[in-house]
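See below for the structure under consideration.
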Amino acid sequence: MDKWQLQQVIPAELTQPQWQAIHTLSVTLRQESLPDDPPPTLVEVIQSWSIHPPVAEERAWVAWDAHAPEEAPRAIGYNRTTILHMEENAHLAQMYIGVHPAARRQGLGRQLFAFSIAFAQETGRRLIIVESNSNCPAGGAFLQAAGAEKGLSMDVVQLDLQQIDRTLLRSWIERASERAAGFEIGCWDGPYPEEVLPQIGLVKAAMDEAPMQDLDVEDFKWTPEVLRQLDENMVQRQITRWTFYARETATGNLAGFTEIFWSPSNPIVGQQGDTGVLNEYKNKGLGRWIKAAMLEKVLAEKPETRYIRTGNATTNAPMQKINQELGFRLFRSAWIWQISVDQAQKFGAP
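Residue numbers (the working numbering): 8 to 357.
Okay, structure coming up:
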């Protein structure tokens, strides 16, 4: 008898015991990857698998323990693969495979990988990308065995807010307000205002200047429609986002912004998102200004937040310098791997 049964997931058709089994596996995998973080709730896991913006198409498969009773199913692995319906990066599929530690090195990961390959071929994708991290070396070993290559190396760094230098924050704000006369900063809590969506797209495009090393990824064009979809998804999943921005007062033009996110189950960790300043507004201290203002607000209004966490390419020296000055320290290493569908097909199970 087979050890496991593989099933494509239709979220609306899963039973509550099946969702609970997927949640149990998600908690196990989270504890391995982020041992000090609170586990995701059942509601968060269901929302993550069920709610997607129209621009993103996800397919998922679960490996069930064939020996578990029907009334108490046990998930031992899953695959979630996503493609974006955008003009850019129409060659990419992004994959996540998680296998219970006790079920590894038995061929299950290879069988789950085969579903991503088939999905990529069906949708005309030629490249699969997937992330691994230093807390879970089994993931990197699996990808290396498959013939994948590291496209981007990242440092995930963390700031302990109990050790932050508040005097430094205040000095950054005071200095920037002098260097950047003619600019103002502000904060949006939640979705972007409709009237600034075109400008948000321009500043997010500035992120394309961040080093991508050898990763075969094209620059995205963040249209108002895509940004609306992403914001709606954020609200549906009850994710909190603060966006601090710098704006030129004379023109009303957005010069740059930085973002921070919190998931409902993890108020302890704020996840730093994009930080970008348009080229014509650089060297005025705007990046330090908005980051310092953001941190002051977190300290004042989010006392339950202990850490700020973010990831940067190992070759992104300017952002690393700012983070080091603030007191960020290495939390873990991470890599984005890439593998051609042709190479993956040679490795994947038939």
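Ideal Cβ positions, reconstructed from N, Cα and C, are used throughout, including at glycine.
Extent of the continuous beta strand (DSSP E) to which residue i belongs
i, result
"R37", "Not the beta strand (DSSP E): R37 falls in the alpha helix (DSSP H), residues Q23 to S40."
"I207", "I207 -> not in any beta strand (DSSP E); alpha helix (DSSP H) instead, spanning L204 to A213."
"N140", "L134 to N140"
"A253", "T247 to E255"
"E191", "F190 to D196"
Assumed close pair residue i, residue j - CB separation to whole angstroms, cut-off 8 Å
i, j, result
"A187", "K291", "4 Å"
"G105", "L32", "7 Å"
"V242", "G277", "Not really, about 18 Å apart at Cβ, beyond 8 Å."
"G263", "V284", "3 Å"
"W71", "Q113", "At roughly 15 Å, the Cβ-Cβ gap does not stay under 8 Å, so W71 and Q113 are not in contact."
"A253", "I192", "5 Å"
"I29", "V52", "6 Å"
"E255", "L176", "About 23 Å separates the two Cβ atoms, so there is no contact after all."
"A67", "L91", "Rounded, the Cβ-Cβ distance is 16 Å, inconsistent with contact."
"L134", "N86", "Actually they are not in contact, since the Cβ atoms of L134 and N86 sit about 17 Å apart, beyond 8 Å."
"M161", "W342", "7 Å"
"F251", "M301", "4 Å"
"L168", "I315", "7 Å"
"L234", "G208", "7 Å"
"L261", "Q206", "4 Å"
"N330", "V137", "No, N330 and V137 are not in contact; Cβ-Cβ is about 25 Å, not under 8 Å."
"I359", "G334", "Because the chain spans 8 through 357 in this model, residue 359 falls outside it and cannot be assessed."
"L49", "Q27", "7 Å"
Continuous alpha helix (DSSP H) stretch holding residue i: start and end
i, result
"K157", "No alpha helix (DSSP H) contains K157, which is instead part of the beta strand (DSSP E) from E156 to D167."
"V62", "From DSSP, V62 is part of no alpha helix (DSSP H); its letter is neither H nor E."
"D349", "V348 to F354"
"M326", "A324 to L333"
"L13", "Element bounds for L13: not the alpha helix (DSSP H) but the beta strand (DSSP E), W11 to Q15."
"A145", "P144 to A153"
"T230", "Unbroken run through T230: none, as it is neither H nor E."
"E181", "R173 to R186"
DSSP-derived helix/strand/coil call for residue i
i, result
"F268", "strand"
"R112", "coil"
"D44", "coil"
"I124", "helix"
"N319", "strand"
"Y288", "helix"
"Q243", "helix"
"V276", "strand"
"G294", "helix"
"L222", "coil"
"P357", "Caution is warranted here: a pLDDT of 49 is assigned to P357, below 50, making its placement in the model unreliable, and no coordinate value can be reported."
"V75", "At residue 75 the sequence reads Ala, which differs from the Val that was named. In this structure, A75 counts as coil in the three-state DSSP scheme."
"A82", "strand"
"A97", "coil"
"P200", "coil"
"K304", "helix"
Those residues which DSSP pairs with residue i across a bridge
i, result
"I343", "E138 and L159"
"R336", "Q165"
"T88", "R66 and M102"
"Y314", "D167 and V276"
"P282", "Per the sequence shown, the amino acid found at residue 282 is Thr instead of Pro. T265."
Any chain C beta carbon closer than 8 Å to residue i
i, result
"G318", "Here there is only one protein chain, and chain C is not present."
**Request:** Would you be able to state if there are at least three C-beta pairs under 8 Å between the region 145-153 and the region 331-340?
**Result:** no
**Message:** Would you call the region 112-129 in contact with the region 294-311, where contact means no fewer than 3 C-beta pairs closer than 8 Å?
**Reply:** no
**Message:** With three or more beta-carbon pairs closer than 8 Å as the criterion, would you say the region 239-248 touches the region 294-303?
**Reply:** no
**Asked** When the Cβ atoms of the region 81-96 are set against those of the region 225-238, are three or more pairs found closer than 8 Å?
**Response** yes
**Asked** Any contact of the region 129-137 with the region 317-337, i.e. 3+ C-beta pairs under 8 Å?
**Response** no
**Asked** Quick one: any contact between the region 57-67 and the region 34-45, if contact means 3 or more CB pairs under 8 Å?
**Response** no
**Given 8 Å, three or more beta-carbon pairs between the region 154-163 and the region 266-273** = no
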